[in-house]
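Chemist: Here's a structure for you.
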Amino acid sequence: MSVSANSRRDDQLPEALLIENRTNQFQSIVWPLAFFILFFAFWIGGRELFRQEGLYACCAREFIPGTPLTAHGIVQKDVPPLYPVLVHLLNKTGISMECALRLLSITMLGAWSILAAAVAARRRNLRAGVV
-13 MSVSANSRRD DQLPEALLIE NRTNQFQSIV WPLAFFILFF AFWIGGRELF
37 RQEGLYACCA REFIPGTPLT AHGIVQKDVP PLYPVLVHLL NKTGISMECA
87 LRLLSITMLG AWSILAAAVA ARRRNLRAGV V
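Listed below in structure tokens is the structure:
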């Protein structure tokens, strides 16, 4: 008995069917986070500061609560206020200034990447979230 090209049996799946299985949300966060930690761990303290990082480091070093941000005694108006404050607090915990500057930036980059992946996965599909 032959089967025509237009008819198919119920146990056969069409060739272009894409089946996506939902993964655990924990796994979708842990893998990118592990990548960021492994990739950037050797890069955090390995080179000298760029010009803008030096300005932020100087503002964080001279930070006094309740006063404007200064660098070498000159008030800095174009420096975002939260970044030097967080770097100052990280530096008070014992982390070096270079590592505190870069750790904060890399952590925020990882958080934005995970957020973008979660939004893309919800909006479209899992493949969009992975890409």
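So the sequence shown is numbered by the working numbering: it starts at -13 and just counts up by one.
Glycine included, C-beta positions come from ideal geometry on N, C-alpha and C.
When you compare only the Cα positions, how much space is there between C45 and R108?
Modeler: Taking C-alpha positions only, C45 is separated from R108 by approximately 40 angstroms.
Chemist: Quick one: grab the DSSP three-state call for T93.
Modeler: Three-state DSSP puts T93 in a helix.
Chemist: How big is the Cα-Cα spacing for A57 and L95?
Modeler: 26 angstroms
Chemist: Ignore the nearest five residues each way along the sequence and tell me which others in E48's own chain have a CB closer than 6 angstroms to its CB.
Modeler: T56
Chemist: Are the beta-carbon atoms of I81 and F26 separated by less than 8 angstroms?
Modeler: no
Chemist: Terminal residues of the continuous alpha helix (DSSP H) containing R37?
Modeler: R37 to R47
Chemist: Determine, using beta carbons only, whether L101 and Y69 come nearer to each other than 8 angstroms.
Modeler: In this structure, Y69 does not lie closer than 8 angstroms to L101 by Cβ.
Chemist: Grab the span of the alpha helix (DSSP H) containing H74 for me, first residue to last.
Modeler: L68 to K78
Chemist: By the three-class DSSP mapping on this structure, what secondary structure does I60 have?
Modeler: strand
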